[in-house]
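**Q**
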Amino acid sequence: MTMCQKNIQASPDQYISGWYDSVKHEKNNNPPSCLIVSVVSVPDGSNMTSLQAEEARFAQMKDNLTGKLHELQDSYKRLQNETLIITFQKELLSSGLRDCEANLTRVKDLLATIQGNPKECNADTKPCSPGWEFYNGSCYFFSNDKRTWEQSQYACIRDGGHLVIVESQQEQEFIIQKFVRNTDFDNSPWIGLTDKKQEGVWVWMDNTTLDDSIKFWDPNIETFSSRPEPNDWDPGEDCARMGQRCSSRIKCWFDYACDKPCRRICESRAVCERPAATS
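Per full-length UniProt numbering, the sequence shown starts with residue 1, numbered consecutively.
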């Protein structure tokens, strides 16, 4: 009897049903002439393991990429902050550069005036910066803001000058008339006079000692203290102000604590126009 093989691919249910029908048929008929070989399609265990490994690998890749994304986002935020800081520093440097250029221009103009043959200064030639008042070859500025004596000196230097140095009675009278005639105690300004280095030895900003013939200390004849200025009424009164009683007398300087904020009078050399060059 010839044997034959028949390959059947089926699901388990189909396989069982088919096998039962085949056995029943063979029982009722002739002995089997064919050997039925059934192949049931079932999942391969090795393939399942491979799929699980791939899934785990992709999950790990996702975690790695998510971590990289967070790192990039953090780096971007840091770069944004650094950019803001650099931009702010650039603006500060640009502002400082503009101030330096302005000061350099003033110095060059002043040097040209000194070395050349300048035209005579007067108010019509506009030798002072806006907000400054011209008098006898100098420019004067009376501030609205209040600073300590040292801070006031720095502010005057920044603006191209120094705290005022009074060198004559005429200059004292001009300052009183222009700035401080009606000034009360709270608004009395600093002048460039101090005895911080040596008590009782008053010197100007240019390190020249106060001339006894050109000084305008308040005699305090109407006050309860009866102590003429400078009198060191409070500790640290090593800097000079003017204006408290300038409405009634030319002598109106008084000493005051240097660390207290007050207004200031700045002075600078007037920069006059030079005459046109002649051929």
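Built from N, CA and C at the ideal position, the CB exists for glycine as well.
I need the straight-line Cα distance from Thr148 to Arg241, nearest angstrom please.
**A** Approximately 11 angstroms, taken between the alpha carbons.
**Q** Can you list, in chain order, the residues of its chain with a C-beta nearer than 7 angstroms to that of Glu173? Leave out the 5 residues immediately preceding and following it.
**A** Within the same chain, Glu173 has close Cβ partners Ile250.
**Q** Looking at the secondary structure, which residues open and close the alpha helix (DSSP H) in which Trp149 lies?
**A** Residues 149-158.
**Q** Alpha helix (DSSP H) containing Ile175: first to last residue?
**A** Element bounds for Ile175: 169-175.
**Q** Give the single residue among Cys128, Trp253, Lys260, Pro130 whose Cα lies nearest to the Cα of Lys146.
**A** Considering only alpha carbons, the answer is Lys260.
**Q** Identify every residue that forms a DSSP beta bridge with Phe254.
**A** According to DSSP, which records beta bridges pairwise, Phe254 is partnered with Arg241.
**Q** How long is the line joining the alpha carbons of Asp186 and Ile176, rounded to whole angstroms?
**A** The alpha-carbon atoms of Asp186 and Ile176 are separated by roughly 16 angstroms.
**Q** Report the three-state DSSP secondary structure of Gly67 (helix, strand or coil).
**A** Gly67 falls in the helix class under three-state DSSP.
**Q** Between the stretch 260-270 and the stretch 151-163, do three or more beta carbon pairs fall short of 8 angstroms?
**A** Contact holds: three or more Cβ-Cβ distances are below 8 angstroms.
**Q** Below 8 angstroms on the Cβ atoms is my guess for Pro130 versus Cys139; work out the distance and round it to an integer in Å.
**A** About 11 angstroms separates the two Cβ atoms, so there is no contact after all.
**Q** Would you call the CB atoms of Gly243 and Ser188 closer than 8 angstroms?
**A** Closer than 8 angstroms, so yes.
**Q** According to DSSP, is Phe142 helix, strand or coil?
**A** Strand, per DSSP.
**Q** Quick one, are the C-beta atoms of Lys239 and Cys252 less than 8 angstroms apart?
**A** In the sequence as displayed, the identity of residue 239 is Cys instead of Lys. Cβ distance not < 8 angstroms, so Cys239 and Cys252 don't count as in contact.
**Q** Pull up the distance between the alpha-carbon of Leu92 and that of Glu101, whole angstroms please.
**A** Using only the alpha carbons, I get a separation of about 14 angstroms.
**Q** Residues in the same chain with beta-carbon distance under 7 angstroms from residue 287, minus the five sequence neighbours each way, listed in chain order, please.
**A** Look at the range of the chain in this structure, 1 to 279, and you will see that residue 287 is not part of it.
**Q** Measure the C-alpha to C-alpha separation of Asn144 and Lys68 and round it to an integer number of angstroms.
**A** So the two alpha carbons sit approximately 57 angstroms from each other.
**Q** Under the three-state reduction of DSSP, which class applies to Ser268: helix, strand or coil?
**A** If DSSP states are grouped into helix, strand and coil, Ser268 belongs with the strands.
**Q** Note down, in chain order, each residue of its chain lying with its Cβ closer than 6 angstroms to the Cβ of Trp202, except the 5 sequence neighbours on either side.
**A** Taken in chain order, the residues that qualify are Leu193, Asp195, Leu210.
**Q** So, with DSSP's three-state summary, where would you put residue 283?
**A** It is not possible to answer for residue 283, since the shown part of the chain is limited to 1 through 279.
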